[in-house]
Structure formats: structure tokens, C-alpha cells
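Asker: Below is a structure I'd like to ask you about.
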Amino acid sequence: MLERALKRRAVEGTPGGTAARVLARGTGWSVADVVCTSGPGDRRFEEQRRNVCIAMVAAGSFQYRSHAGRALLAPGSLMLGNAGHAFECGHAHAAGDRCISFSYTPEYFERVTADAGTAEFRVAALPPMRAMSPAIARACARLAGGDANELAWEELGVRLAVDAAQLANGESWRSGESLPSAEARVTRVVRMVEERPDEEHSLVGLAEQARLSPYHFLRTFQHVVGLTPHQYVLRMRLRRAAARLIEEPLRVLDVAFDCGFGDVSNFNRSFRAEFGVSPRAFRKAEARSNERNRQPVDQVRRARRRSQ
Numbered sequence: 575m576l577e578r579a580l581k582r583r584a585v586e587g588t589p590g591g592t593a594a595r596v597l598a599r600g601t602g603w604s605v606a607d608v609v610c611t612s613g614p615g616d617r618r619f620e621e622q623r624r625n626v627c628i629a630m631v632a633a634g635s636f637q638y639r640s641h642a643g644r645a646l647l648a649p650g651s652l653m654l655g656n657a658g659h660a661f662e663c664g665h666a667h668a669a670g671d672r673c674i675s676f677s678y679t680p681e682y683f684e685r686v687t688a689d690a691g692t693a694e695f696r697v698a699a700l701p702p703m704r705a706m707s708p709a710i711a712r713a714c715a716r717l718a719g720g721d722a723n724e725l726a727w728e729e730l731g732v733r734l735a736v737d738a739a740q741l742a743n744g745e746s747w748r749s750g751e752s753l754p755s756a757e758a759r760v761t762r763v764v765r766m767v768e769e770r771p772d773e774e775h776s777l778v779g780l781a782e783q784a785r786l787s788p789y790h791f792l793r794t795f796q797h798v799v800g801l802t803p804h805q806y807v808l809r810m811r812l813r814r815a816a817a818r819l820i821e822e823p824l825r826v827l828d829v830a831f832d833c834g835f836g837d838v839s840n841f842n843r844s845f846r847a848e849f850g851v852s853p854r855a856f857r858k859a860e861a862r863s864n865e866r867n868r869q870p871v872d873q874v875r876r877a878r879r880r881s882q
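Quick note: the sequence shown uses the working numbering, first residue 575, plus one each step.
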């Protein structure tokens with residue numbers, strides 16, 4: 575989707591912009607597929623939010639600034655926004671991004687996050703984190719599969735809101751703001767990893783992409799992204815694997831190899847550490863959950879047919 579939008583923009587020669595497609599909505603919440611084609615030559619996008627926002631970065635990268643700070647957001651990151659506050663997004667180093675964006679009215683968000691102890695984010699973003707990997711994998715799988723089930727999306731949105739509020743307000747994830755030059759170097763690397771996540775990546779090779787010494791690159795990458803390069807690559811591969819286990823009836827072995835794992839035992843260990851269950855158990859649990867979510871929709875359809 576993002577790649578097609580960027581190619582269309584290049585052919586038509588139009589300015590970059592943002593297109594949002596609502597995936598599902600209910601009272602007090604909505605979720606949208608947001609594709610941005612802006613690039614280094616476009617103005618930064620500025621706006622003031624009416625609602626609370628949590629956006630999962632599904633593809634691409636961009637710079638984000640809010641009253642709570644600034645961050646470089648890459649696949650797996652969460653963009654956080656409080657109601658009533660202004661924010662800006664920019665693509666100084668590379669074009670385009672795609673996000674799954676959840677919007678909550680202040681009243682709805684306060685109600686669902688009451689147990690988290692706060693209804694306002696104190697940081698601008700969260701890095702790709704193990705705690706959020708299941709939610710991001712599920713959202714990406716539903717997006718790819720065209721799932722419009724409101725109950726499934728609302729359940730995911732509620733869990734996302736609570737987990738993000740607890741994580742964002744439990745600890746500061748960044749030791750300080752990064753320089754634009756550091757963000758530019760790291761952006762080259764995260765874009766390359768996103769394009770070729772299944773390839774073998776070494777610290778030296780990634781550092782060469784960033785034009786930094788391995789030690790300086792390691793420190794810079796961790797400071798900007800919030801993870802080490804190894805953690806980032808592994809987490810991206812595992813999220814993609816989880817989404818494919820939900821979407822496709824492939825063998826676990828094939829998914830492991832396609833996502834860059836050299837052997838299935840290593841994949842199983844890494845997957846269990848990330849998601850808490852084996853790949854097979856994860857797939858079965860998701861299938862049961864999807865079946866439960868489909869039942870109310872099927873019941874409504876049968877009732878409509880009987881009434882006709």
C-alpha cells in the first residue's frame with residue numbers, strides 16, 4: 575500500500591499528503607489506516623488533536639514532535655498524542671509512512687485506562703517493545719486481511735490504550751533528544767532493514783550503512799530508536815512472522831525461513847520469548863479469538879435473513 579502510493583505520487587508529480595481510511599469505529603473510538611506520502615521536500619504536517627491518539631507504525635519512518643518531546647518513529651514504534659495538544663510530523667530523511675491509528679475521545683480513554691493511573695501521556699512515543707509486539711502483529715494481520723469486525727478492533731484498541739498508558743508513564747524511554755544528523759544516519763538503516771529484514775545483518779555492515787564506527791553506531795542507534803540493532807531486527811522479524819501465522823496457512827517452518835530465521839528451533843525459542851507462547855499455540859489462540867469475534871456478526875446476518 576505505501577509503496578504503491580509513493581510510486582503513484584512519483585508518476586503524477588503531486589505534493590505529498592496524508593490519506594486516512596477508517597477501518598472500524600464505535601462510540602468514543604475509531605481506528606484508521608493512515609498512509610502518508612510526504613518526503614524531504616514537503617512541509618512538516620502540523621495539527622492540534624481533539625482526541626487521544628495511539629498510532630502503530632506499520633511501515634516507513636518519520637520524525638515526530640509533541641509537547642512531550644520528539645522522536646524518530648520506525649516500524650513497531652507507537653506514536654502517542656494527548657487530546658488538545660498540537661503535534662507535527664516530518665520526513666526530513668526519507669519519504670512515506672503507514673500507521674494504524676487509534677483515536678479515543680477523552681472520556682472514553684479516561685474510562686478504559688482508569689486502572690493505569692493516568693489519562694495523559696508524559697512521553698511522545700514508545701520504541702518497538704516486546705510488551706507491544708502481540709498487539710502490533712495482530713493489528714497488522716487484521717489490516718492485511720481486511721478485517722472490519724468492530725468488536726475485534728475495539729478489543730485491540732482497549733488493550734493498546736491500557737498497555738501504552740502504563741508503559742509510557744512508568745518510565746522515560748529516551749535519555750535525551752537526538753541530533754538531526756543522528757536521525758538521518760539511523761533512518762537509512764531502519765529503512766534498509768525494513769526492505770530486507772530476512773537478510774543477514776551484521777553490526778559492522780549496518781554501521782557502514784550509517785557511515786559510523788560500529789561502537790558509535792551501536793550507541794547512536796540505541797539512543798535514537800530505543801533498542802539495539804540486534805533487538806530491532808529480531809523484533810521486526812518476529813512481528814512479521816506472527817502476522818503471517820495469523821494471515822496464512824503456511825507451515826511454521828516456512829514462516830521461520832521466510833522471515834530470516836536459519837532454523838526452526840531458534841525461531842521457536844525467540845517467538846516464545848517475545849509472545850509468551852509457541853508459534854503453533856499463538857496461531858491456534860488467534861484462530862479461536864477470530865472465531866469468537868465473528869459469531870456476533872454471523873448472528874446479526876442470520877437474523878437479518880430471517881426477517882427478510
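We put the CB at the ideal spot given by N, CA and C, even for glycine.
On a predicted model such as this, the values are computed, not experimentally measured, just so you know.
Is the stretch 770-778 close to the stretch 837-854, with three or more CB pairs under 8 Å?
Answerer: The stretch 770-778, when compared against the stretch 837-854, does not touch it at the 8 Å Cβ threshold.
Asker: Within a Cβ cutoff of 6 Å, which residues of the same chain sit near residue 817, ignoring the five residues on either side of it in sequence?
Answerer: Here residue 817 refers to the residue found at position 243 of the sequence shown. Excluding sequence neighbours, residue 817 sits near 711, 714, 715.
Asker: Pull up the CB-CB distance for residue 799 and residue 783, whole angstroms please, since I reckon it's below 8 Å.
Answerer: Here residue 799 refers to the residue found at position 225 of the sequence shown. Here residue 783 refers to the residue found at position 209 of the sequence shown. At roughly 14 Å, the Cβ-Cβ gap does not stay under 8 Å, so residue 799 and residue 783 are not in contact.
Asker: Kindly list the residues whose CB is nearer than 8 Å to the CB of residue 700, restricted to its own chain and excluding five residues on each side of it in sequence; keep chain order.
Answerer: Position 126 of the sequence shown, counting from 1, holds the residue named residue 700. So the list reads 651, 652, 654, 706, 738, 741, 742, 747, 800, once near-sequence residues are dropped.
Asker: Using 8 Å as the threshold, is the stretch 633-642 in touch with the stretch 655-673, meaning 3 or more CB pairs across them?
Answerer: Counting Cβ pairs under 8 Å, three or more are found: they touch.
Asker: Could you tell me whether the Cβ atoms of residue 646 and residue 760 are closer together than 8 Å?
Answerer: In the sequence shown, the residue the question calls residue 646 occupies position 72. In the sequence shown, the residue the question calls residue 760 occupies position 186. Yes. Within cutoff.
Asker: Output the boundary residues of the beta strand (DSSP E) element that contains residue 592.
Answerer: As a working mapping, residue 592 is identified with position 18 in the sequence shown. Note, residue 592: beta strand (DSSP E), 592-600.
Asker: Please list, in chain order, all residues of the same chain as residue 595 whose beta carbon is under 7 Å from its beta carbon, the five residues on each side excluded.
Answerer: Working through the sequence shown from its first residue, we reach residue 595 at position 21. Around residue 595: 606, 607.
Asker: For residue 681, which option in 667, 820, 675, 657 has the closest C-alpha, if you only look at C-alpha atoms?
Answerer: Looking up residue 681 in the sequence shown gives position 107. Here the closest residue by C-alpha is 657.
Asker: What separation, rounded to the nearest whole angstrom, lies between the Cα atoms of residue 679 and residue 858?
Answerer: By one-based count along the sequence shown, residue 679 stands at place 105. By one-based count along the sequence shown, residue 858 stands at place 284. Rounded to the nearest angstrom, the two C-alpha atoms are 34 Å apart.
Asker: Between which two residues does the alpha helix (DSSP H) containing residue 744 stretch?
Answerer: The residue labelled residue 744 in the question sits at position 170 within the sequence shown. 724-744 is the span of the alpha helix (DSSP H), which, as asked, contains residue 744.
Asker: Considering just the uninterrupted stretch of the beta strand (DSSP E) at residue 630, what are its terminal residues?
Answerer: Counting from 1 along the sequence shown, the entry for residue 630 is found at position 56. That run of the beta strand (DSSP E) goes 626-634.
Asker: Whole angstroms are fine: how far does the CA of residue 781 sit from the CA of residue 609?
Answerer: For the purposes of this step, residue 609 is taken as the residue at position 35 of the sequence shown. For the purposes of this step, residue 781 is taken as the residue at position 207 of the sequence shown. Spanning the two alpha carbons is a distance of roughly 29 Å.
Asker: Grouping DSSP H, G and I as helix and E and B as strand, with all else coil, what is residue 643?
Answerer: Here residue 643 corresponds to residue number 69 of the sequence shown, with the count starting at 1. The answer is strand: DSSP assigns residue 643 an E or B state.
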